[in-house]
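Reviewing the structure listed below.
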Amino acid sequence: MTLFWLPVATLWQRELVRFWREKARVLGFVGSPLVFWLILGSGFGDLAFFFPGALTLTVMVSAVFSTMSLIEDRREGFLLSMLVSPAPRSSMVLGKTLGSATLAWLQGLILMAFGPLTGVWLTPLALVQAVGVVFLISLTFTLMGFLIAWHMESSQGFHAVMNLVLFPLWMMSGALFTPEKAHGWIRVVMTVNPLAYTQASLQHLLNPGATAGLPGLRLSVGLTALCAAALLTASILAANRRGKASSA
Amino acid sequence: MVSVDNVTHSYNGRRALESVSLEVRPGEIFGLLGPNGSGKSTLFRILSTMMTPGAGRASVAGFDVAAQPDKVRRCMGVIFQSQSLDRKLSVGENLRAQGRLYGLRGAPLKARLEEVLARLGLAARRDELVDSLSGGLRRRVEVAKALLHQPEVLLMDEPSTGLDPGARRELWQYIEELRAAHGVTVLLTTHILDEADRCDRLLLLHQGRAVAEGAPAALKARIGGDVVVLDIAEPEALREEIAARFGVDPRVSAGALRVEIANGHRFTTEVVEAFPGLIRSVALHKPTLEDVFLDETGASITE
């Protein structure tokens, strides 16, 4: 038991310490979605509608980019010493992703503090739920990032995936337009896009006035949790694979 | 303590190791000597549990590296050729994190930490970020890190890489102290002759095959006598003539003629007199591991 939770706690702590030593990252991750939200929300005259999307974006960028440190760990060799230690690979995956998820979550919470600007006041229950859901979303994105980073040699490849896959998925998540206003094919994409459900759960909690046509809160949170569980399993499986070769 | 039995390994059809076997005894310092691409890094990766062997078996402290990697990892300290420290953390933070990956915490962790810091003379550096340390100091932290959990076996990949001669000497001093004090078994890969000379026994690897095994002195004694290297404009042309005249078997290597002979000093004067003006320079030395390697493979370790 010790040999599972001790590495988890150690790697979690390491992510936080490293982040704290690079304070510029803190500013960048929270700052840009905040600016983005204020401009878009003010331009369209609907700060409340764009708020959940900006929150998803903050969490996504922060979570996915902090898992880029895995590529750094590989390049700098730190990963090697983790791999030859007796700590189970599952504890490595969990420690590393929980660390990054915590950072993304904290940044999401900072953005949430600007929520009152939308004019929407949350009930205490909705607030607690939102805090929990933001953590779940942070973890999901972190695991997604981990899985991508595990298979990447360079950070350039990582940026390409981010730009070509994650940003379009975010745009089609309902963050910028609702499904009812969208064209047919985009509407189809939106029903299978996991980000549409993370987006819907935040919309329910943070802007309950504009949830027409969205999947329900329970369904959305449930599917997000399912997605996180699948990604966790995939990450552990990937980390457990050792280099094998044939005798041929 | 470390045993490799008929290990064969290929990457995408390219053979990296071909039926290699070796046996490292407890408390021994054992070296895998060979040039780049000789297969020593592949063997290192198999023994460090990063890869499973394609065929054959390997074990550390009696545990099979493929079937019982966790047990192997627990009793083995690994030092990689590349650095494996977190540069954004301090020396102490790196070591604490390492200890916890091995299940150490609380008072035992603190005690081990103090001990390795003291042993490697790092106590004063504890709070410095790894980023700010010199290469030699970082290497020392790597050693401290590998020793933290008191491994029975220390596995090192090219331990002297990037170290100046002073730091290299220091590193070897620690390795020898460690063996004397705790009976730690050391297995290392190297292509540096000085380093290989310090090992108790060596396995010479060439293109994935074991070509010779033994103590450095015994390997060199196989050649016997001296090695004379003649720098000649056209070594091929003189080879036959020298062979016939002195009853030796000269070999052309790196543009010079190499002769192994019992009484090198006598041969040297005679050969220079025999071919006036044709020999640009003459060098006489006792056999080195490089000579052993050349003899066995026709190739050079250092290239």
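Just so you know, the protein sequences line up as chains A and B, in that order.
As numbered in our numbering, residues 1 to 248 make up the first sequence, in order.
As numbered in our numbering, residues 1001 to 1303 make up the second sequence, in order.
Glycine is no exception: its CB is placed at the ideal position from the N, C-alpha and C atoms.
Fair warning: this is a prediction, and the values are worked out from it, not measured in the lab.
- Message: Which complete alpha helix (DSSP H) runs does the region 1139-1188 of chain B hold, if anything under 4 residues is left out?
- Response: As far as the region 1139-1188 of chain B is concerned, its whole alpha helix (DSSP H) runs of at least 4 residues are 1165-1182.
- What number of angstroms, rounded off, separates the C-alpha of B/V1282 from the C-alpha of B/V1024? Approximately 39 Å between the Cα atoms of the pair.
- Determine, using beta carbons only, whether B/G1009 and B/L1017 come nearer to each other than 8 Å. Residue 1009 of chain B is actually His in this sequence, not Gly. Yes. Within cutoff.
- Item | Cβ pair B/L1178, B/L1171 closer than 8 Å | Between B/L1178 and B/L1171, the CB-CB gap reaches or exceeds 8 Å.
- Task: Establish whether the CB of B/R1105 and some CB of chain A are separated by less than 8 Å.
- Result: Answer yes: the Cβ-Cβ gap between B/R1105 and chain A drops below 8 Å somewhere.
- Task: Mind checking which residues open and close the beta strand (DSSP E) that includes B/A1283?
- Result: Run containing B/A1283: I1279 to H1285, per the beta strand (DSSP E) assignment.
- Would you list, in chain order, the members of the region 1150-1166 of chain B that have their beta-carbon closer than 7 Å to a beta-carbon of chain A? Of all residues in the region 1150-1166 of chain B, none comes within less than 7 Å of chain A when Cβ atoms are compared.
- DSSP-derived helix/strand/coil call for B/G1106: B/G1106: helix per DSSP, three-state reduction.
- Task: Along the alpha helix (DSSP H) that carries A/R218, what are the first and last residues, could you check?
- Result: Segment L217 to N240, the alpha helix (DSSP H) holding A/R218.
- Task: Grab me the residues of B/L1109's own chain with a C-beta within less than 6 Å of its C-beta, minus the 5 sequence neighbours each way, in chain order.
- Result: The beta carbon of B/L1109 lies closer than 6 Å to those of G1099 in the same chain, with the five residues before and after it left out.
- Message: Against chain B, does A/F78 count as a neighbour if the rule is that its beta carbon must be under 8 Å from one of theirs?
- Response: Judged by the 8 Å Cβ criterion, A/F78 is in contact with chain B.
- Contact between the region 1268-1283 of chain B and the region 1224-1233 of chain B (3+ Cβ pairs under 8 Å): Enough Cβ pairs lie closer than 8 Å, so yes.
- Task: Sort out for me which residues DSSP pairs A/V61 with in a bridge.
- Result: The partner list for A/V61 (beta bridge, DSSP) is empty, contrary to what the question assumes.
- Query: Can you tell which of B/D1086, B/L1047 and B/F1267 has the C-alpha that lies nearest to the C-alpha of B/M1076?
  - Reply: Considering only B/D1086, B/L1047 and B/F1267, the residue with the shortest C-alpha distance to B/M1076 is B/L1047.
- Task: Using a Cβ cut-off of 7 Å, pull out every chain B residue sitting near A/L3, in sequence order please.
- Result: One finds G1103 in chain B with Cβ atoms closer than 7 Å to the Cβ of A/L3, taken in chain order.
- Message: Would you call the region 1284-1299 of chain B in contact with the region 1253-1270 of chain B, where contact means no fewer than 3 C-beta pairs closer than 8 Å?
- Response: Contact holds: three or more Cβ-Cβ distances are below 8 Å.
- Give a yes or no on whether the minimum CB-CB distance between B/R1139 and chain A is below 8 Å. Not closer than 8 Å to any Cβ of chain A, the Cβ of B/R1139 fails to qualify, so no.
- Measure the alpha-carbon distance for B/E1234 versus B/S1134 and round it to whole angstroms. Our two residues, B/E1234 and B/S1134, have alpha carbons roughly 47 Å apart in a direct line.
- Message: Which residues in chain B have a C-beta closer than 7 Å to the C-beta of A/R21? List them in chain order.
- Response: Scanning chain B for C-beta atoms nearer than 7 Å to the C-beta of A/R21 yields K1088, reported in chain order.
- Query: Nearest chain A C-beta to B/Q1068 closer than 8 Å, yes or no?
  - Reply: The C-beta of B/Q1068 comes no closer than 8 Å to any C-beta of chain A.
- Roughly how many whole angstroms lie between the Cα atoms of B/G1136 and B/L1193? Across the structure, B/G1136 and B/L1193 are spaced so that their CA atoms are roughly 20 Å apart.
- Backbone CA spacing between B/V1259 and B/R1201 [nearest angstrom]: Distance between the alpha carbons of B/V1259 and B/R1201: 26 Å.
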